[in-house]
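A.B. asks: Counting along the sequence shown from 1, when you hit position 44 you're at 44 in UniProt numbering, and nothing is skipped either side.
A virtual CB, placed ideally from N, CA and C, is assigned to each residue, including glycine.
Model, not experiment: these values are computed from the prediction.
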Amino acid sequence: MAVLAHDTMSPLAFAASDTTTATAILQYNGTSSTNPPAMPAMPSSSDSGTANAFYFGLRGLGAPAVPAPVDVSMTIELGLGQLPCDPSQTRCNGTAAAAAMNGVSFRLPSPETSLLGAHVDGVAGVFTADFPDGPPPSGTAMSVGTKLKKLSYNSVVEIVLQNPAAVPTENHPIHLHGFNFFVLAQGMGTFAPGSVAYNLVDPVARNTIAVPGGGWAVIRFVANNPGMWFFHCHLDPHVPMGLGMVFQVDSGTTPGSTLPTPPGDWVGVCDAQHYAAAAAVAAAPVPVPAPAPVPAPILAPAPAESPLPPPRAVDHKPSPNLPQRREHTGTSNSAAGRRAKGHLACFLCSVLLFFLLRQHKA
Numbered sequence: 001m002a003v004l005a006h007d008t009m010s011p012l013a014f015a016a017s018d019t020t021t022a023t024a025i026l027q028y029n030g031t032s033s034t035n036p037p038a039m040p041a042m043p044s045s046s047d048s049g050t051a052n053a054f055y056f057g058l059r060g061l062g063a064p065a066v067p068a069p070v071d072v073s074m075t076i077e078l079g080l081g082q083l084p085c086d087p088s089q090t091r092c093n094g095t096a097a098a099a100a101m102n103g104v105s106f107r108l109p110s111p112e113t114s115l116l117g118a119h120v121d122g123v124a125g126v127f128t129a130d131f132p133d134g135p136p137p138s139g140t141a142m143s144v145g146t147k148l149k150k151l152s153y154n155s156v157v158e159i160v161l162q163n164p165a166a167v168p169t170e171n172h173p174i175h176l177h178g179f180n181f182f183v184l185a186q187g188m189g190t191f192a193p194g195s196v197a198y199n200l201v202d203p204v205a206r207n208t209i210a211v212p213g214g215g216w217a218v219i220r221f222v223a224n225n226p227g228m229w230f231f232h233c234h235l236d237p238h239v240p241m242g243l244g245m246v247f248q249v250d251s252g253t254t255p256g257s258t259l260p261t262p263p264g265d266w267v268g269v270c271d272a273q274h275y276a277a278a279a280a281v282a283a284a285p286v287p288v289p290a291p292a293p294v295p296a297p298i299l300a301p302a303p304a305e306s307p308l309p310p311p312r313a314v315d316h317k318p319s320p321n322l323p324q325r326r327e328h329t330g331t332s333n334s335a336a337g338r339r340a341k342g343h344l345a346c347f348l349c350s351v352l353l354f355f356l357l358r359q360h361k362a
C-alpha cells in the first residue's frame, strides 16, 4: 500500500508541496513469499482528478435508512475575504485575512461566556439566532457575528456545502460536532438543484467532509441531539479566521430527548453567571483562625492542627479575570507569623518527645 498527500491548495505556489509517500506491506498468514511487492505507480500530489474520483466514489457498508423527508434545507457557502484588524491582532496593519460561512465571519463568545451557558441561564447579547439559510448576494461585504441556526428536535436537515473557486482555493474539511451525517453527493463546479442524482442506497456516514476547492458536497442528518453544536473547518487556523457556525438543537418532549440542567454546583469558565459568582467569592476576605496555644515542652501531646478555612467555590481553571487570592506576608507579629511560631513549637515538641522516648527505652 502507498499513500501520498493530496495538495489541494491552488496555486501550488502558496503551499509547500509534500512529495513524501508512506508505504506498508500487507501479508496474509500462511504465505511464504519474502519478495517485496512492486511499488504502485503514484499520481501527482496535485492530481485532483484522480483524488476526487476516489473520494467521490466511496460507499457505505450495508443499506442505511437515509432520513426523509427534508425539514430544513440550507446552502452554506465558504468564503475568504478581508476584515478590519481585531484589537487582539497587535501586529495587524489595517486589514487581515478572514473567512466566513454565508458571508458571516464567526466569532466565539468571550472567555467568560459559553453559548450553552448563555442559553440555559438566559444571558442576552451573547449570540443571535439568525444565521442565514443561504449565501448573500454577490458583492455583499463580509460581516462579523456569533450567529446560530435553530433546529427543532428530530428535524431532518440537508445542507449543500459550496466551496467557490477563489484564489487561493483548497479543500476545506468541514466537521460537525454532535452528529454523523450521510454524504449524498459530491462534485465540481456550482451545485445545480435537480441536476444531481443523490446516493440514497449506500452513502457513507461521516462527521467530516472535505469540500473540494471549486466544488460542493451534499450532506443530510437528523437533529436528534439537543444542545449547541459547532460546525466548522477542521484546518485549525481557519477557525479564528471565522470559518464556522453553530447549530442550536432544541430539546424534545421525552426525558431522553431533553437537555439536562447543569448541576447546581457547576462552576466553569464558560458560564457567565457562575463565573461572576466565583469572582465575588474569591474577592471576599478569608478569615484567619486564631493560633493554637503552645503546649508545654515535656511529654505533652502535639497540638491539634489549626483548622483550615472552608473551601471556596473557585474555578477549576485559573483565569486572569478572577481575582487571585494572596497569602499575607506580614512580620512575626502578624497572624501568619504567630501561626508559624506555633508550627515551629509543635515541631520542637515532637523532636523532644522522640528523644525522651528513646532514652526511656534505653
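Please determine, among P255, L243, G252, the residue with the shortest C-alpha to C-alpha distance to A97.
C.D. replies: On the sequence shown, position 97 is the one that residue 97 refers to. Among P255, L243, G252, the Cα nearest to that of A97 is on L243.
A.B. asks: In angstroms, rounded to a whole number, what distance separates the CA positions of G256 and M9?
C.D. replies: Along the sequence shown, one-based indexing puts residue 256 at 256. Along the sequence shown, one-based indexing puts residue 9 at 9. Rounded to whole angstroms, G256 to M9 spans 44 Å at the Cα level.
A.B. asks: Shortest alpha-carbon distance to I159 belongs to which of N225, W216, V120, V201?
C.D. replies: What you label residue 159 is simply residue 159 of the sequence shown in a count that begins at 1. The option with the nearest alpha carbon to I159 is W216.
A.B. asks: Output needed for D133: all residues of its chain with C-beta closer than 6 Å, excluding positions within five of it in sequence on either side, in chain order.
C.D. replies: Taking the first residue of the sequence shown as position 1, residue 133 is located at position 133. The residues are M74.
A.B. asks: Return helix, strand or coil for M1, following the three-state DSSP convention.
C.D. replies: Taking the sequence shown and counting its residues from 1, one reaches residue 1 at position 1. M1 falls in the coil class under three-state DSSP.
A.B. asks: Please classify N29: is it buried, with 16 or more other beta-carbons within 10 angstroms of its beta-carbon, or exposed?
C.D. replies: Position 29 of the sequence shown, counted from the first residue, corresponds to residue 29. That one is exposed.
A.B. asks: Could you check which residue in V218, T20, P137, D47 has the C-alpha nearest to that of S195?
C.D. replies: Residue mapping note: residue 195 aligns to position 195 of the sequence shown, counting from 1. Nearest C-alpha to S195: V218.
A.B. asks: What are the start and end residues of the alpha helix (DSSP H) that includes M101?
C.D. replies: Looking up residue 101 in the sequence shown gives position 101. No alpha helix (DSSP H) contains M101, which is instead part of the beta strand (DSSP E) from 95 to 101.
A.B. asks: Taking the straight line between their C-alpha atoms, what separation do you get for V164 and T21?
C.D. replies: Sequence index remark: in the sequence shown, residue 164 carries index 164 (1-based). Sequence index remark: in the sequence shown, residue 21 carries index 21 (1-based). Note on residue identity: the sequence assigns Pro, not Val, to residue 164. Looking at the two C-alpha atoms, the distance is approximately 30 Å.
A.B. asks: Decide yes or no for the touch test of the segment 63 to 72 against the segment 145 to 158: beta carbon pairs closer than 8 Å, at least 3 of them.
C.D. replies: Yes, since at least three Cβ pairs between the segment 63 to 72 and the segment 145 to 158 fall closer than 8 Å, the two stretches touch.
A.B. asks: Tell me whether M42 is buried or exposed, calling it buried when 16 or more other Cβ atoms sit within 10 Å of its Cβ.
C.D. replies: In the sequence shown, the residue the question calls residue 42 occupies position 42. It is exposed - the Cβ of M42 has fewer than 16 other Cβ atoms within 10 Å.
A.B. asks: Kindly confirm or deny that the segment 177 to 191 and the segment 33 to 41 touch, where touching means at least three C-beta pairs closer than 8 Å.
C.D. replies: At 8 Å Cβ cutoff, the stretches do not touch.
A.B. asks: Within 10 angstroms of its Cβ, does I298 collect 16 or more other Cβ (buried), or is it exposed?
C.D. replies: Position 298 of the sequence shown, counted from the first residue, corresponds to residue 298. With a pLDDT of only 48 at I298, under the threshold of 50, the placement of this residue in the model should not be trusted; the figure read from the coordinates follows. Exposed, by the Cβ-count rule.
A.B. asks: Going straight from the alpha carbon of H119 to that of Y198, what length do you get?
C.D. replies: Locating residue 119 in the sequence shown gives position 119, counting from the first residue. Locating residue 198 in the sequence shown gives position 198, counting from the first residue. About 36 Å.
A.B. asks: Rounded to a whole number of angstroms, what is the C-alpha to C-alpha distance between P260 and T253?
C.D. replies: Locating residue 260 in the sequence shown gives position 260, counting from the first residue. Locating residue 253 in the sequence shown gives position 253, counting from the first residue. Going by the C-alpha atoms only, they are around 12 Å apart.
A.B. asks: For the segment 98 to 110 against the segment 128 to 146, are there 3 or more C-beta pairs whose distance is under 8 Å?
C.D. replies: Judged by Cβ distances under 8 Å, the segment 98 to 110 makes contact with the segment 128 to 146, as three or more pairs qualify.
A.B. asks: Is DSSP giving M188 helix, strand or coil here?
C.D. replies: Translated into the one-based positions of the sequence shown, residue 188 becomes position 188. Residue state, collapsed to three classes: strand.
A.B. asks: Tell me whether L308 is buried or exposed, calling it buried when 16 or more other Cβ atoms sit within 10 Å of its Cβ.
C.D. replies: To locate residue 308, count along the sequence shown from 1; it is residue 308. Any reading at L308 needs caution, since the residue's pLDDT is 39, under 50, leaving its predicted position unreliable; the model's value is listed next. With fewer than 16 other CB atoms across the displayed protein chains lying within 10 angstroms of its CB, L308 is exposed.
A.B. asks: For V157, report the span of its beta strand (DSSP E) as first-last.
C.D. replies: Here residue 157 refers to the residue found at position 157 when the sequence shown is read from its first residue. Element bounds for V157: 155 to 163.
A.B. asks: Given P137, which residues of its chain have a CB within under 8 Å of its CB, disregarding the five upstream and five downstream residues?
C.D. replies: To locate residue 137, count along the sequence shown from 1; it is residue 137. The answer is none, since no qualifying residue turns up.
A.B. asks: Going straight from the alpha carbon of A223 to that of L151, what length do you get?
C.D. replies: Counting from 1 along the sequence shown, the entry for residue 223 is found at position 223. Counting from 1 along the sequence shown, the entry for residue 151 is found at position 151. Roughly 7 Å separates the two Cα atoms.
A.B. asks: Work out the CA separation of A210 and L200 for me, nearest whole Å.
C.D. replies: Counting from one through the sequence shown, the residue named residue 200 turns up at place 200. Counting from one through the sequence shown, the residue named residue 210 turns up at place 210. So the alpha carbons of these two residues sit roughly 20 Å apart.
A.B. asks: What's the gap between the Cα of P37 and the Cα of S44?
C.D. replies: Translated into the one-based positions of the sequence shown, residue 37 becomes position 37. Translated into the one-based positions of the sequence shown, residue 44 becomes position 44. For P37 and S44, the distance between alpha carbons rounds to 21 Å.
A.B. asks: May I ask you to report which of helix, strand or coil DSSP gives P69?
C.D. replies: Taking the sequence shown and counting its residues from 1, the one referred to as residue 69 is at position 69. Note: P69 maps to coil in three-state DSSP.
A.B. asks: Using CA coordinates, which residue listed in D121, V183, G214, T208 is at the minimum distance from F230?
C.D. replies: If you number the sequence shown from 1, residue 230 lands on position 230. When each option's Cα is compared against that of F230, the closest is T208.
A.B. asks: State the beta-bridge partners of S10 as determined by DSSP.
C.D. replies: Here residue 10 is taken as the residue at index 10 of the sequence shown, counted from 1. DSSP, once it has assigned bridges, lists T169 as partnering S10.
A.B. asks: With residue 369 as the anchor, note down where its beta strand (DSSP E) starts and where it stops.
C.D. replies: Limits of the chain in this structure are 1 at one end and 362 at the other, which puts residue 369 out of reach.
A.B. asks: Ends of the beta strand (DSSP E) at H232?
C.D. replies: By one-based count along the sequence shown, residue 232 stands at place 232. 227 to 233 is the span of the beta strand (DSSP E), which, as asked, contains H232.
A.B. asks: Which whole-angstrom value is the C-beta distance of G227 and V249, which I expect to be below 8 Å?
C.D. replies: Position 227 of the sequence shown holds residue 227. Position 249 of the sequence shown holds residue 249. Right, their Cβ atoms sit about 6 Å apart.
A.B. asks: Would you list the residues sitting across from I76 in a DSSP beta bridge?
C.D. replies: By one-based count along the sequence shown, residue 76 stands at place 76. As computed with DSSP, I76 is found in a beta bridge with L161.
A.B. asks: What separation, rounded to the nearest whole angstrom, lies between the Cα atoms of S105 and K149?
C.D. replies: Within the sequence shown, the letter at position 105 stands for residue 105. Within the sequence shown, the letter at position 149 stands for residue 149. Taking the straight line from one Cα to the other gives about 14 Å.
A.B. asks: Among the residues of its own chain, which have a CB less than 6 Å from the CB of V239, if the five just before and after it don't count?
C.D. replies: By 1-based counting over the sequence shown, the position of residue 239 is 239. These residues qualify, in order along the chain: H232.
A.B. asks: Distance check for G49 and D7, CA to CA, integer angstroms please.
C.D. replies: As a first step, residue 7 is located in the sequence shown; it is residue number 7 there, counting from the start. As a first step, residue 49 is located in the sequence shown; it is residue number 49 there, counting from the start. When rounded, the distance between both Cα atoms is 12 Å.
A.B. asks: Within the same chain, show all residues whose beta-carbon is closer than 7 Å to that of L26, passing over the 5 residues directly before and after it, in chain order.
C.D. replies: Residue mapping note: residue 26 aligns to position 26 of the sequence shown, counting from 1. Result list for L26: M1, in chain order.
A.B. asks: Taking the DSSP output, what are the residues bridged to A217?
C.D. replies: The residue given as residue 217 occupies position 217 in the sequence shown. Bridge partners of A217: L161, Q186.
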